[in-house]
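**Student:** The working numbering applies: residue 1074 is where the sequence shown begins, and numbers increase by one.
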Amino acid sequence: MRGPTGRLLALPGPRRLVLLCAFLGVLTWALLVVQWALVAVVVSRVATGQAAPAALSAQLAGALTAWLARACVAGLRDRTAARASAGVRRGLRADLLRKLTALGPAHAAGERAGELATTVTEGVGKLDGVVGRLLPGAATAAVVPPLVAGTVLVLDPASGGLLLLTGPLVLVFLWLTGTLASRAARGSWETLAQLGAVLVDTLRVLPTLVLYGRARSSARWLTEVSEAHRVSTMRLLRTAFLSGFVLEFGAVLCTALVAVTVGVRLFQGQLELERALLVLLFTPEFFAPLRALGADRHASLEGGPAAERVFALLDAPGPARGCHAVPPGVPSLELRGVTVRYGDRVALRDVDLDLPPLSRTALVGPSGAGKTTAVRLLLGFAVPDAGTVLVDGVPLTDLDPDAWRARVAYVPERPWLLPGTVADNVRLGRPAATDAEVERALARAGALDLVRRLPQGTATPLGEDGARLSGGERLRLALARAFVQDAALLVLDEPTGQLDAATEREVLVALADLAAGRTVVTVTHRPAPLALHDRVVALEEGRLRTAVVPR
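Here you go:
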């Protein structure tokens, strides 16, 4: 198998599952031989009057035991497949989350959040059809039919030859119908991913849509995407039902052909009853795994496109991960000949900038000048196309990125808050912080009045992204998070951009306290924060224009 199914099969769990299912297939064949041989003996002897049913109780008990053992083997296969599938899905979800974290915000900015969420949740879930059904079914179908055909060939070469001729025809039907169904499955998956993306995008901007009276048009858009998904799903189901009918028809036709030839030769006396019964009992068992494989293939159809998307994300090239330890103390930062491009647009062009230890540098300039790109470079979320970023003389790309980010406190213009409690959000900067340290950080950030107004204090849940908090309250919690983290480098991106003048003055007092003893880099459009800095650097069209010391 190639492609995403081959990638799944290369994982340790599915590989062990396929080997186990192949062994269980051999065991199933052995039990089939025992079961139907005993049944054929009982039927033939009773039909010919050679023995009474009571005298054949041992054979009947043996056949019943073999049948129960087959049921146990099938149950073991299904349970093992379910466990292996759950393990694979759990591992792939963890790998996807680690990969998306490693790719960072720069990669996420080029994706649709809803489509990513659909891939990580629903997309990985659809792999259950591949791992939990298709791979075990394929292993069983690869083992049992050849063994059954060989058994029939020994019993009756003519019937065995028919099975060997008709079996590949069923496989051809399975391949042809599966190809058509795969195209329909791809369309179904694409519309599902689009539906997830549209839904998340709509919910994110719903207040704006309502404000401008565009909610109804967005609802129509959602309806159109939902209808497209319904149509593609029904097309997939129609194709699956049609292919199932073709496969069943082929299997039944081949079974009937064997039955007719066996019946004619039995009537002519060319085949004894017991042998004929065995051939008739084994023939459906030859086609049963192939028919089950067809059903398993249909159940796994949407798993193929989903697996392609999952592995495309896992294979996406990410930034190189260094392994060197981060130098201790307050860092000295240097940008040497740094150039960053986004497609045809140059965000930074040949920038040289020194950020000495304990310096406080403000980056100013019009929108699109490259300030946010400079912040991404310092955080390790972007890598320059030319030039290098040095930390105490060591290239940033050579440092362990997780260890480096632990040394950086970042306060964006609109801080993102987790749906946990106030304390949980503050401890994001340092999970081991005590309650006393959290209270002290909130006090230094000027957020104690906010906490006292909350019904449960620091244990109050904030809800989805702190929706009930104002911009100033959100910023104070982010500052408290930075106080708890106590990092050597402080990066501020428009820290007062959404505040009124009175709140800005209060926040600047907290910022002055936070900046003490650290290297500070601030992106700002407003003049008030400039007073906290010892140098102002102006960027224009990606170039470093001026560096002045504020009064």
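Beta carbons are placed, not taken as given, at the ideal position from N, Cα and C, and that holds for glycine.
Measure how close the beta-carbons of GLY1502 and ASP1369 come, nearest whole angstrom, since I'm counting them as under 8 Å.
**Tutor:** If you number the sequence shown from 1, residue 1502 lands on position 429. If you number the sequence shown from 1, residue 1369 lands on position 296. Not quite, the Cβ-Cβ distance comes to about 49 Å (not below 8 Å), so this is no contact.
**Student:** Is it buried or exposed, ALA1113, if we count other Cβ atoms within 10 angstroms and call 16 or more buried?
**Tutor:** Your numbering for residue 1113 matches position 40 in the sequence shown. Buried, because 16 or more other Cβ atoms sit within 10 Å of the Cβ of ALA1113.
**Student:** Rounded to a whole number of angstroms, what is the C-alpha to C-alpha distance between ASP1168 and ALA1222?
**Tutor:** What you label residue 1168 is simply residue 95 of the sequence shown in a count that begins at 1. What you label residue 1222 is simply residue 149 of the sequence shown in a count that begins at 1. Cα-Cα distance, rounded: 43 Å.
**Student:** Identify the continuous alpha helix (DSSP H) that holds LEU1330 and give its terminal residues.
**Tutor:** If you number the sequence shown from 1, residue 1330 lands on position 257. That run of the alpha helix (DSSP H) goes 1288–1340.
**Student:** Would you say the segment 1124–1139 touches the segment 1100–1114, given that touching needs at least three Cβ pairs under 8 Å?
**Tutor:** Contact holds: three or more Cβ-Cβ distances are below 8 Å.
**Student:** Ordered along the chain, which non-local residues of its own chain (more than five positions away) have a Cβ less than 6 Å from that of VAL1462?
**Tutor:** Residue 1462 sits at position 389 when you count from the first residue of the sequence shown. So the list reads LEU1408, LEU1450, LEU1469, once near-sequence residues are dropped.
**Student:** CB-CB under 8 Å to PRO1320, same chain, minus the five flanking residues each way: which ones, in chain order?
**Tutor:** Position 247 of the sequence shown, counted from the start, is the residue given in the question as residue 1320. First, the amino acid is wrong: residue 1320 is Leu here, not Pro. Cβ within range, chain order: VAL1243, PHE1246, LEU1247, THR1250, LEU1363, ARG1364, GLY1367.
**Student:** Using a Cβ distance threshold of 8 Å, determine whether the segment 1151–1163 contacts the segment 1201–1208, with at least three qualifying pairs required.
**Tutor:** The segment 1151–1163, when compared against the segment 1201–1208, does touch it at the 8 Å Cβ threshold.
**Student:** Check whether the segment 1508–1523 and the segment 1580–1595 touch, using three or more Cβ-Cβ pairs below 8 Å as the test.
**Tutor:** Yes: the two stretches touch, three or more of their Cβ pairs being nearer than 8 Å.
**Student:** Should GLY1342 go down as buried or exposed, given a rule of 16 or more other Cβ atoms within 10 Å for buried?
**Tutor:** Position 269 of the sequence shown, counted from the start, is the residue given in the question as residue 1342. GLY1342 comes out exposed.
**Student:** Give me the Cα-Cα distance between ALA1190 and PHE1556, rounded to the nearest whole angstrom.
**Tutor:** What you label residue 1190 is simply residue 117 of the sequence shown in a count that begins at 1. What you label residue 1556 is simply residue 483 of the sequence shown in a count that begins at 1. Near 32 Å, if we compare the C-alpha coordinates of PHE1556 and ALA1190.
**Student:** Tell me where the beta strand (DSSP E) around ASP1427 begins and ends.
**Tutor:** Against the sequence shown, residue 1427 aligns to sequence position 354. It spans 1418–1428 - the beta strand (DSSP E) in which ASP1427 sits, taken as one unbroken run.
**Student:** Are three or more beta carbon pairs between the segment 1504–1513 and the segment 1589–1598 nearer than 8 Å?
**Tutor:** With a cut-off of 8 Å, the segment 1589–1598 and the segment 1504–1513 do not count as touching, because too few Cβ pairs lie within range.
**Student:** Out of GLY1196, PHE1322, ARG1289, ALA1142, state which residue places its alpha-carbon closest to the alpha-carbon of SER1373.
**Tutor:** Counting from one through the sequence shown, the residue named residue 1373 turns up at place 300. For SER1373, the nearest C-alpha among the options comes from GLY1196.
**Student:** Going by C-alpha to C-alpha distance, which of GLU1381, GLY1391, VAL1419, SER1232 sits closest to VAL1331?
**Tutor:** Against the sequence shown, residue 1331 aligns to sequence position 258. Comparing Cα positions, the closest option is SER1232.
**Student:** Any idea if LEU1092 is buried or exposed, counting beta-carbon neighbours within 10 angstroms, 16 or more meaning buried?
**Tutor:** Along the sequence shown, read from residue 1 onward, the residue named residue 1092 stands at position 19. LEU1092 is exposed by the Cβ-count criterion.
**Student:** For LEU1452, report the span of its alpha helix (DSSP H) as first-last.
**Tutor:** The residue given as residue 1452 occupies position 379 in the sequence shown. Per DSSP, LEU1452 belongs to the alpha helix (DSSP H) from 1444–1452.
**Student:** Just to confirm before moving on: does the CB-CB distance between ALA1442 and ALA1560 stay below 7 Å?
**Tutor:** Counting from one through the sequence shown, the residue named residue 1442 turns up at place 369. Counting from one through the sequence shown, the residue named residue 1560 turns up at place 487. Cβ atoms of ALA1442 and ALA1560: not closer than 7 Å.
**Student:** Let's test the definition: count the other Cβ atoms within 10 Å of the Cβ of SER1305 and tell me whether it reaches 16, buried, or not, exposed.
**Tutor:** As a working note, residue 1305 is residue 232 in the sequence shown. Its Cβ being crowded by 16 or more others within 10 Å, SER1305 is buried.
**Student:** Taking the beta strand (DSSP E) that GLU1614 belongs to, which residues open and close that run?
**Tutor:** Mapped onto the sequence shown, residue 1614 falls at position 541. Looking at the DSSP string, GLU1614 is not in any beta strand (DSSP E), and its letter there is neither H nor E.
**Student:** What are the boundary residues of the alpha helix (DSSP H) that THR1533 is part of?
**Tutor:** As a first step, residue 1533 is located in the sequence shown; it is residue number 460 there, counting from the start. Careful: THR1533 lies outside any alpha helix (DSSP H) and carries neither H nor E.
**Student:** Should the segment 1487–1505 be called in touch with the segment 1421–1430, which here means at least 3 C-beta pairs below 8 Å?
**Tutor:** Segments in contact, no.
**Student:** Going straight from the alpha carbon of ARG1624 to that of LEU1436, what length do you get?
**Tutor:** On the sequence shown, position 551 is the one that residue 1624 refers to. On the sequence shown, position 363 is the one that residue 1436 refers to. Any reading at ARG1624 must be qualified, since the residue scores a pLDDT of 45, below 50, and its modelled position is unreliable; no value is offered.
**Student:** Which parts of the segment 1145–1198 are runs of the alpha helix (DSSP H), unbroken and 4 residues or longer, counting only runs that do not cross its ends?
**Tutor:** As far as the segment 1145–1198 is concerned, its whole alpha helix (DSSP H) runs of at least 4 residues are 1186–1191.
**Student:** By the 10 Å Cβ neighbour count, where 16 or more other Cβ atoms means buried, how is LEU1238 classified, buried or exposed?
**Tutor:** Stepping through the sequence shown from its first residue, residue 1238 is reached at position 165. The residue is exposed, with fewer than 16 neighbouring Cβ atoms inside 10 Å.
**Student:** Within 8 Å, do at least three Cβ pairs link the segment 1261–1278 to the segment 1372–1390?
**Tutor:** Yes, the segment 1372–1390 touches the segment 1261–1278.
**Student:** If you reduce the DSSP assignment to three classes, tell me which class GLY1367 lands in.
**Tutor:** Locating residue 1367 in the sequence shown gives position 294, where the first residue counts as 1. Helix at GLY1367.
**Student:** Note down the Cα distance separating LEU1353 from VAL1335, rounded to an integer number of angstroms.
**Tutor:** In the sequence shown, the residue the question calls residue 1353 occupies position 280. In the sequence shown, the residue the question calls residue 1335 occupies position 262. If I take the Cα positions, the gap works out to 8 Å.
**Student:** Can you list, in chain order, the residues of its chain whose CB lies under 7 Å from that of GLU1188, leaving out five sequence neighbours each side?
**Tutor:** Sequence index remark: in the sequence shown, residue 1188 carries index 115 (1-based). Only ALA1266, GLY1269, ALA1270 meet the Cβ criterion.
**Student:** Taking the straight line between their C-alpha atoms, what separation do you get for GLU1577 and THR1569?
**Tutor:** By one-based count along the sequence shown, residue 1577 stands at place 504. By one-based count along the sequence shown, residue 1569 stands at place 496. Distance between the alpha carbons of GLU1577 and THR1569: 6 Å.
**Student:** Is the beta carbon of ALA1380 less than 7 Å from the beta carbon of THR1312?
**Tutor:** Locating residue 1380 in the sequence shown gives position 307, where the first residue counts as 1. Locating residue 1312 in the sequence shown gives position 239, where the first residue counts as 1. No.
**Student:** Would the beta-carbon of LEU1100 fall within 7 Å of that of GLN1132?
**Tutor:** For this step, residue 1100 is matched to residue 27 along the sequence shown. For this step, residue 1132 is matched to residue 59 along the sequence shown. Going by C-beta atoms, LEU1100 is not nearer than 7 Å to GLN1132.
**Student:** Got a sec? Which residues, its chain only, sit under 6 Å from VAL1411 by beta carbon, not counting five neighbours each side?
**Tutor:** Translated into positions along the sequence shown, residue 1411 becomes position 338. The answer, listed in chain order, is LEU1421, VAL1424, PRO1457, GLY1460.
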